[in-house]
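Trainee:
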Amino acid sequence: MNESKDRIKIIFTTSIVGIVVNVVLAAFKAIIGIISNSIAIVLDGVNNLADATSSLITIIGAALAGKPADRKHPFGYGRIEYLSALIISVIVTYAGITAFVESVKKIIHPEEADHSTLSIIILMVAVVVKFALATYTKAQGKKANSDSLVASGSEALLDVTVSIATIVAAVIFIFTRVNLEPYLAAGIAIIIVKTGVDLLVETISKILGEPLELSMVLDIKKEIKTFEGVRGAYDLVTNNYGPDLFTASVHIEVDENLKASEIDTLSRKITDHIYEKYGIYLVAVGVYSKNSSDARIREVEEAIIKKAFEQQYVKGIHGFYMNEEEKKISFDLVISLDSKDRRQSHTDAVDAIKADYPGYIFDVGLDTDLNEV
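Residue 129 is where the sequence shown starts when you use this note's numbering, and the numbers rise one by one after that.
1. By DSSP, does residue 448 sit in helix, in strand, or in coil?
2. Mind pulling the alpha helix (DSSP H) runs of 4 or more residues that sit fully within the region 326–367?
3. To the nearest whole angstrom, what separates the beta carbons of residue 425 and residue 380, a pair I think is in contact under 8 Å?
4. Do the region 186–198 and the region 221–233 touch if we need at least three Cβ pairs shorter than 8 Å?
5. How many angstroms separate the CA atom of residue 470 from the CA atom of residue 318?
6. Using 8 Å as the threshold, is the region 172–189 in touch with the region 136–151, meaning 3 or more CB pairs across them?
7. Is the beta carbon of residue 284 closer than 8 Å to that of residue 262?
8. When you compare only the Cα positions, how much space is there between residue 369 and residue 280?
9. Which class does residue 392 belong to by DSSP, given the choice of helix, strand or coil?
10. Below 8 Å on the Cβ atoms is my contact criterion, and I expect residue 485 with residue 466 to pass it. Report the Cβ-Cβ distance as a whole number of Å.
11. Where does residue 491 land, buried or exposed, given buried means 16+ other C-beta within 10 angstroms?
12. By DSSP, does residue 454 sit in helix, in strand, or in coil?
13. How is residue 516 classed by DSSP in three states: helix, strand or coil?
14. Where residue 365 and residue 434 are concerned, what is the direct C-alpha to C-alpha distance, given to the nearest angstrom?
15. For residue 377, does the three-state DSSP call read helix, strand or coil?
16. How would you label residue 450, buried or exposed, when you count the other beta carbons within 10 angstroms and need 16 or more for buried?
17. Measuring CB to CB, does residue 231 end up less than 8 Å from residue 293?
18. Rounded to a whole number of angstroms, what is the C-alpha to C-alpha distance between residue 394 and residue 355?
19. With DSSP as the reference, label residue 490 as helix, strand or coil.
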C-alpha cells in the first residue's frame with residue numbers, strides 16, 4: 129500500500145511541475161510568436177500547452193486509478209491510467225492535425241516574420257528548461273512505472289528538437305531573409321501527429337493485453353523450478369490490471385507421490401516468493417503429476433517427446449503422465465501461433481503420436497505459449 133501511495137505521489141508531483149513549466153513556456157512562446165509573426169513559434173507554444181493538458185489528464189487518471197478495489201471492480205481501477213494515456217494520445221494527434229492545417233494556410237498565404245535577438249535568446253532558454261523537464265519527467269516515470277510520464281518525457285525530448293529547429297529557422301531568416309518557418313511548422317505538425325498515433329497504438333495494445341517480457345517470463349519459471357519438489361514450470365499466464373498490478377497463474381510439475389498437504393505448502397511458498405521478488409500475485413498454481421519410478425514410462429515419454437517435435441508447429445510438450453493400468457496417456461501439446469489452423473495442427477500431431485501406441489487412450493490438451501516470440 130505504501131509503495132502504491134509513493135508511486136501516486138511521484139506521478140502527482142512530476143505532473144504538477146510539468147503543468148507549471150509548460151504553461152509558462154507556452155505563454156512566453158505565444159507572446160514571442162505573435163510579436164515576431166512566427167507561426168512556428170506559436171505552434172511550438174501550442175505544443176507546450178498540449179503537454180500541460182496531458183500532465184493534467186495524467187494527474188486525474190492516476191487519482192482515479194488509485195481508488196481501492198470494490199465489488200464492482202475487485203482488481204481495482206489501475207487500467208484507468210491506460211484510458212488517460214489514450215485521451216492524451218488523441219489530444220496530441222488532434223493538435224498535430226490542426227497545426228498542419230494552419231501551416232499549409234501560411235504556405236499558401238505567406239506572411240513575413242520579424243525575429244529579434246531577444247526572442248532567439250528567450251527561445252534558447254526555453255530549450256534548456258524543456259530539456260531539463262524532459263529528463264526529469266522520464267526519470268520519474270521509470271521510477272514510478274508510469275507509462276504516461278515516460279511518454280510525456282519522450283515527447284518533451286522531441287519538443288526540444290522541434291524548438292531547436294525553430295531557432296535555426298529564425299536565425300536563417302535573420303541572415304538570409306529566407307522564410308522557412310511555414311514549411312518547418314508543417315514538418316513539426318507531422319511529427320506531432322506521428323507521436324500521437326504511436327502513443328495511441330501503444331496504449332490500445334496495452335488495453336487489449338500484452339504478455340510480460342520474455343526475459344521476465346523465463347526468469348519467473350526458472351525461479352519456480354528452484355523449489356524442492358518442482359520438476360517443471362509451465363503455462364505462465366499473466367493479467368495486467370494496471371501498471372502496478374499483475375496477477376498470474378502457472379502449472380508446476382511434481383512427483384505423483386507428493387501428498388496434498390505437501391503440494392499446498394509448496395504452492396504457498398511459491399506464491400509468496402514470486403510476489404515478494406516480482407510483485408506478481410499467483411492467483412492459481414495448477415499441478416501436473418509426474419510419473420516417478422517406472423523406467424518403461426520414462427522411455428515412452430522420451431519417445432513421445434521426440435515424435436512430437438518432429439511435427440510441424442509443435443513448440444513444446446509438458447504435463448506428461450501415463451497410467452499403465454488404464455492404458456491412458458495424458459499431456460499438453462503447445463502449438464505455435466504461426467499455424468493458420470492450430471486445432472488441425474494439434475490433431476495431426478496427436479494422430480502421428482497415436483499411431484505408435486495402438487490400444488492406448490490419449491488425453492492431449494491443446495496449449496498455447498502466450499509469451500511466444
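Backbone N, C-alpha and C fix where the C-beta goes; we use that ideal spot for every residue, glycine too. The structure displayed is predicted, hence computed values, not measured ones.
Mentor: According to the data block:
1. strand
2. Taking only runs of at least 4 residues, the alpha helix (DSSP H) segments lying wholly in the region 326–367 are 342–352.
3. Cβ atoms of residue 425 and residue 380 stay farther apart than 8 Å, at about 20 Å.
4. no
5. 41 Å
6. yes
7. yes
8. 22 Å
9. Here residue 392 sits in helix by DSSP.
10. About 28 Å separates the two Cβ atoms, so there is no contact after all.
11. exposed
12. Note: residue 454 maps to coil in three-state DSSP.
13. An answer regarding residue 516 cannot be provided, because it is not within the stretch 129 to 501 covered by the chain.
14. 26 Å
15. strand
16. buried
17. no
18. 8 Å
19. strand
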